[in-house]
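Using the UniProt record's numbering, you'd call the opening residue of the sequence shown number 1 and step up by one each time. Here a beta-carbon is modelled for each residue, glycine too, at the ideal position from N, C-alpha and C. Since we're looking at a predicted model, the values are computed, not measured.
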Amino acid sequence: MGYVTEWVTGVVDPAAARAALAERLPAYPVPAAVMVLGRLPLTLDGELDTGALPAPECQDDDRYRAIEQVLTGIYARLLGVERVGVDESFFDIGGDSLSAMRAIAAVNAALGTDLKVDTLFNAPTVAQLASRVGNSGRLRPLRAVERPAAVPLSFAQRRLWVHPPVAGALTGLQQGGRIAAARAA
């Protein structure tokens, strides 16, 4: 979710602002939606008060509901619970760090995203993770590369292949060396 004010530019069209960002930025930092505010909420120190920002209006969008349904299904299946609410924390309903890795792998496979495990720790509820999924870029499909029928050996592989029959032992794998310790004065 992106928040903008009309302080500098005057009237802001949220769709046009998002389109302008999409032209200039890679896919992952482009917000799924843009909300126009009169002013940004600040703390007493003058920093942005992220807790006071309004909830996104686009959460009722069909896209987010579809993502939330996929996420609740993944949470329920991995944690062995019947139902998961969109505001329930993954860790409060039985998740741990290992199941978090499984959950992110399942989300990436199901939705074609490239989320990292720390995303789930920073956004543990279905609603929070759905907004992160909506803001993340999609993975590009991998392309198979043409490979020759016989791939040449590297220098190290060739040395291992030729050396043992000649020397009779794997002396090529032994590393000699010396470490000189500096004496404290």
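So, with DSSP's three-state summary, where would you put residue 3? strand
Check this for me: beta carbons of residue 4 and residue 34, under 8 angstroms apart or not? yes
Please classify residue 211: is it buried, with 16 or more other beta-carbons within 10 angstroms of its beta-carbon, or exposed? Nothing can be reported for residue 211: it is not among the residues displayed for the chain, which extend from 1 to 185.
Within the same chain, show all residues whose beta-carbon is closer than 7 angstroms to that of residue 130, passing over the 5 residues directly before and after it, in chain order. 64, 67, 68, 71
Quick check: what's the CA-CA separation for residue 121 versus residue 98? 12 angstroms
Only counting the same chain, and skipping five residues up and downstream in sequence, which positions put a Cβ closer than 6 angstroms to that of residue 21? Cβ within range, chain order: 30.
Among 46, 40, 44, 45, nearest to residue 54 - alpha-carbon criterion: Looking at the Cα atoms, 40 is the closest of the given residues.
Any heavy atom of the ligand PLP closer than 7 angstroms to the CB of residue 125? In the structure shown, the ligand PLP is absent, as is every other ligand, since no ligand is present at all.
Excluding five sequence neighbours on each side, which residues of the same chain lie with their C-beta closer than 7 angstroms to the C-beta of residue 101? 117
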